[in-house]
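Have a look at the structure below before the remarks.
There are 2 protein chains.
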Amino acid sequence: MFIGIDLGGTNIAAGLVDESGKILASDSVPTGAERGSDAIISDMADLAKRIAEKNGYKISDIDAIGIGAPGTIDTDRGVVAYSNNIPFRNVPIAEKISGLLNIPVHIENDANAAAYGEYIATGAKAKSFVFITLGTGVGGGVVIDGKLMRGFNYAGAELGHCLLVLNGEACTCGNNGCWEAYASVTALIRQTKKAMDENPNSIMHEIAEKEGKVSGKTAFVAASRGDEAAKGVVDKYTEYVGAGIASIINVFQPEELVIGGGISKEGDNLLIPVQKIVSRMDYNKYMPKTKISIAKLYNDAGIIGAALIARK
Amino acid sequence: MFIGIDLGGTNIAAGLVDESGKILASDSVPTGAERGSDAIISDMADLAKRIAEKNGYKISDIDAIGIGAPGTIDTDRGVVAYSNNIPFRNVPIAEKISGLLNIPVHIENDANAAAYGEYIATGAKAKSFVFITLGTGVGGGVVIDGKLMRGFNYAGAELGHCLLVLNGEACTCGNNGCWEAYASVTALIRQTKKAMDENPNSIMHEIAEKEGKVSGKTAFVAASRGDEAAKGVVDKYTEYVGAGIASIINVFQPEELVIGGGISKEGDNLLIPVQKIVSRMDYNKYMPKTKISIAKLYNDAGIIGAALIARK
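The listed protein sequences correspond, in order, to chains A and B. Residues 1 to 312 in our numbering are what the first sequence spells out, letter by letter. Residues 313 to 624 in our numbering are what the second sequence spells out, letter by letter.
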């Protein structure tokens, strides 16, 4: 039996995960990032213990804990080298939690953990596998021959920071023109707001008002009701997503590529236009093609992936 | 003892290569691509035999032949699945040459072969290694944990067809905005000609006249003599090269990245501005950095790499 923990900027989510990667029970607590690393580490250990005991296990019955955390993770030493969302710098999380609970702890970058979870969920048959997560930012994870590609310094697979438009839109990383600056939900919301400003009669206004805010769904919902301005937003956004995916396919030619994150809930409204753009921009015209699909595990990918990496 | 063959659109170049990857002798014949695959295959076999015998070996003394060829190569079956420069389609080159000479033959994509050659030349110590070739097009090869990353369909590592500018300059592949359309020598020549048209007093005109043509060197030579228009071309071109390299570093975070191809002869005039741009655009700010350098083997990389892959 394993425990997977998804350490996020807002919440710490944990799940009791069996050998096959199924979540048997889950629980969460607020992260309280401002409290510093010791309090967060202690909360993670408590949460792991509680979820085990609530479900009839002692913590010593748990084979290992896997943690997915944002930032650059030295997976060999179990250290968060650097994280932006949660102010960690060289924190030996694995050693500390392992010390508190006396079981093995493995820590992994959160997008990598989610990628590994989705890889297992697809059957783990692909020789190479790419996971893209479209959320607040754009993250990625790459599995080649069953192994996460982390880069020599553990900072690799930052697929959201590939260029889409040299000297284009400002990105949170300090550069301009990163794919993330066009294909994240944050970017979609910005694109939606701009179209709303330019189209006062669009039903996007009504939809946003009902929802209480402009969200990543606003344009997709309005477009499905025939709103022209919203269709324009969706067309452009799916072009951004698809063009970036095509770029990544030209690098890896992965057997499978899975799209996750908030926007992936749009399903075929996202997938079909993306597939069309990729089929146009894929350099490979004569060999078998990458299979592109929507994530299966959605929010559970991080917990399951972290647990399954710890299982290894 | 091995033989490496670099099958190009213009010439077939071959070398007798020892265990350590040193070329002991080399020779070449015109490709004559229009003659079709059987004539080319027969010439490759003859060239291999001749280079062995001229140097005191029988062809049966050769352990294996390695061939680097343009296009998509099914390395497991030894088949050129598709090639653009040389009109091959599903040609079982390895089997045919092996049949003619009765020794093992391995065939590999030419950029991959060159990448592998440069990887060995750097000491083969890097956990991950990326090779970029700036020539007529922009090619690439990626070595992870000592193994070429080919993609599930052998069509991977087309790094020149990552996006630099969505909907930008037309690329020979049929898309717009590929890195190759900005960073190839072909693109540099186009950029140079444009600047020459706009600057009739630039010394680029004089340099091109002396050389008999505008080449990839024209702007670099003029810039080194202080020509402002040429400096503008070099600054922009090195930005294109550097920005694309930064994108690729954000994907792989390779331990080493080597720049080859015609323009790599510019050495520090290319390398130093590229390093500056990469240091600005590299997403990784806190972990060790990718070492970027100029290719060591230059034109021999393909022959040596192909031979060393055959050695494996």
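Where is the CB? At the ideal position from N, CA and C, for every residue including glycine. None of these values were measured; they are calculated from a predicted model.
For the region 100 to 132 of chain A, the residues whose beta carbon sits under 9 Å from a beta carbon of chain B are, in order, A126, K127 and S128. Chain B has a Cβ within less than 8 Å of the Cβ of A:S247. The beta carbon of B:K505 sits closer than 6 Å to those of V526, all from its chain and outside the five residues before and after it, given in chain order.
Using a Cβ distance threshold of 8 Å, B:L620 and B:G435 do not count as a contacting pair. Neighbours of A:E255 in chain B, taken as residues at a C-beta separation under 9 Å, are given in chain order as G463, F464 and N465.
Interface annotation for the region 378 to 407 of chain B against chain A: T384, A393 and Y394, criterion Cβ-Cβ distance under 7 Å. Scanning chain B for C-beta atoms nearer than 7 Å to the C-beta of A:P288 yields N465, reported in chain order.
A direct Cα-Cα distance of roughly 31 Å separates A:A81 from B:I432.
When DSSP states are grouped into helix, strand and coil, A:F252 belongs to the helix group. If you keep only unbroken alpha helix (DSSP H) runs of at least 4 residues inside the region 64 to 145 of chain A, you get 93 to 101 and 110 to 121.
In this chain, B:V526 is not harboured by any alpha helix (DSSP H), its DSSP state being neither H nor E. When the Cα atoms are used, A:E256 and A:I272 turn out to be separated by approximately 16 Å. Residues of chain A whose Cβ lies closer than 7 Å to the Cβ of B:F564 are, in chain order, G151 and G156. The beta carbon of A:A64 sits no closer than 8 Å to any beta carbon of chain B.
Interface annotation for the region 476 to 492 of chain B against chain A: L476, V477, L478, C485 and N487, criterion Cβ-Cβ distance under 7 Å. For B:K543, the closest of B:I515, B:V590 and B:N414 by C-alpha to C-alpha distance is B:I515. With a contact defined as Cβ atoms closer than 8 Å, B:C474 and B:G556 qualify at about 7 Å.
In the structure shown, A:P273 adopts helical secondary structure according to DSSP, grouped into three states. Per DSSP, the unbroken alpha helix (DSSP H) holding B:G617 starts and ends at A613 to R623.
Bounds of the alpha helix (DSSP H) holding B:V497 are V497 to E510. With respect to chain A, the C-beta atom of B:M593 has a partner C-beta closer than 8 Å.
Near chain B, meaning a CB-to-CB distance below 9 Å, the residues of the region 233 to 246 of chain A are E239, Y240, A243, G244 and A246.
Under the DSSP assignment, B:S338 falls in the beta strand (DSSP E) whose first and last residues are I335 to P342. The beta carbon of B:G528 lies closer than 7 Å to those of V497, L500, I501, G574 and I575 in the same chain, with the five residues before and after it left out.
Distance from the CA of B:T550 to the CA of B:K577, rounded to the nearest whole angstrom, comes to 14 Å. Rounded to whole angstroms, the gap between the alpha carbons of B:G344 and B:N421 is 19 Å. Nearest to B:V546 by C-alpha distance, out of B:V563, B:F564 and B:D580, is B:D580. At least one CB of chain A lies nearer than 8 Å to the CB of B:L471. When DSSP states are grouped into helix, strand and coil, A:S42 belongs to the helix group.
Identification of chain B residues near A:I144 by a Cβ-Cβ cut-off of 7 Å yields I456 and M461, ordered along the chain. Scanning B:E523, B:E365, B:V570 and B:E518 for the CA closest to the CA of B:I606 turns up B:V570. For B:F314, the uninterrupted beta strand (DSSP E) segment begins and ends at F314 to L319. By the rule that beta-carbons nearer than 8 Å mark a contact, A:N201 does not touch chain B.
When Cβ pairs closer than 8 Å are counted between the two stretches, the region 394 to 409 of chain B is seen not to touch the region 363 to 373 of chain B, the count staying below three.
Judged by DSSP in its simplified three-state form, B:S372 adopts helix. Taken through DSSP and simplified to helix, strand or coil, B:S514 comes out as coil.
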